[in-house]
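Note sheet for the following structure.
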Amino acid sequence: MNIEKLIEDFVNLKIDLIDYLLKLEHLEITNKGEFQNFIINYKETTKMDEKMNALLILWFCKYELFKDIQYDSNPYLLYINDLTKDIKHIDLEFLEVGKHNLITKIDNFYFIINHNTREINMTLPPELQEKTVFCYNCNDEMILEKELLLPEFSFYALCIE
Numbered sequence: 204m205n206i207e208k209l210i211e212d213f214v215n216l217k218i219d220l221i222d223y224l225l226k227l228e229h230l231e232i233t234n235k236g237e238f239q240n241f242i243i244n245y246k247e248t249t250k251m252d253e254k255m256n257a258l259l260i261l262w263f264c265k266y267e268l269f270k271d272i273q274y275d276s277n278p279y280l281l282y283i284n285d286l287t288k289d290i291k292h293i294d295l296e297f298l299e300v301g302k303h304n305l306i307t308k309i310d311n312f313y314f315i316i317n318h319n320t321r322e323i324n325m326t327l328p329p330e331l332q333e334k335t336v337f338c339y340n341c342n343d344e345m346i347l348e349k350e351l352l353l354p355e356f357s358f359y360a361l362c363i364e
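The sequence shown finishes on residue 364 if you use my numbering, and the numbering steps up by one all the way, no holes.
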């Protein structure tokens, strides 16, 4: 399966988040330049939230392929670069993986993703419960409780300082 078809299937809910992760894990990129060219030119503006989720998860799984990409011409990549510029290295931990939701941790950064047509109330991992975090999406501090309500096709990028 090629990357374009895989992203399209995930964006259009033909595969769930677990299947997307499994297929990304087994996806072999034989031509790094072709992959990077596809990513740089991936600028469609329909279903933007769904596509942002797809590209952010792709960034988690295939980080090494994003290192040399010029971000300035792609709104998705600019945003991902802005979110992740303070991350020094990728030591990704999957804290929770569901068919429609994901919680990852990289250093002291947490990414909580809802890839679903409806909002969901997610129970947070213990290390996030009852904490004050910096929310990169909100550009403000956020006081967390035990659960977090996520709108459909959204994500939070949080940092414990």
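Note that the Cβ used here is the ideal one computed from N, Cα and C, for glycine as well.
6 Å Cβ shell around residue i - same chain, five flanking residues per side excluded
| i | result |
| --- | --- |
| E253 | V214 and F356 |
| W262 | F269 and I283 |
| I218 | D212 |
| I210 | A257 |
| Y223 | F213 |
Buried versus exposed call for residue i [16 or more other C-beta atoms within 10 Å across all chains shown]
| i | result |
| --- | --- |
| T307 | buried |
| H229 | exposed |
| I316 | buried |
| N256 | buried |
| V336 | buried |
| T320 | exposed |
| T287 | buried |
| L225 | exposed |
Sequence-distant residues of its chain with Cβ nearer than 8 Å to residue i (five each side left out)
| i | result |
| --- | --- |
| T326 | K349 and E350 |
| I232 | I206, F238, K265 and L268 |
| F241 | I206 and E207 |
Beta-carbon gap between residue i and residue j smaller than 8 Å
| i | j | result |
| --- | --- | --- |
| L298 | P278 | no |
Straight-line Cα distance separating residue j from residue i
| i | j | result |
| --- | --- | --- |
| K334 | Y313 | 13 Å |
| I323 | L353 | 5 Å |
| A360 | I221 | 20 Å |
| L347 | I363 | 11 Å |
| I272 | I243 | 7 Å |
| M251 | D343 | 23 Å |
| K208 | D285 | 26 Å |
| Y367 | E330 | The requested residue 367 does not occur in the structure, where the chain is confined to residues 204 to 364. |
| N311 | K302 | 24 Å |
| M345 | Y339 | 10 Å |
| H318 | L216 | 9 Å |
| K235 | L227 | 15 Å |
| V300 | C341 | 24 Å |
| I309 | L295 | 5 Å |
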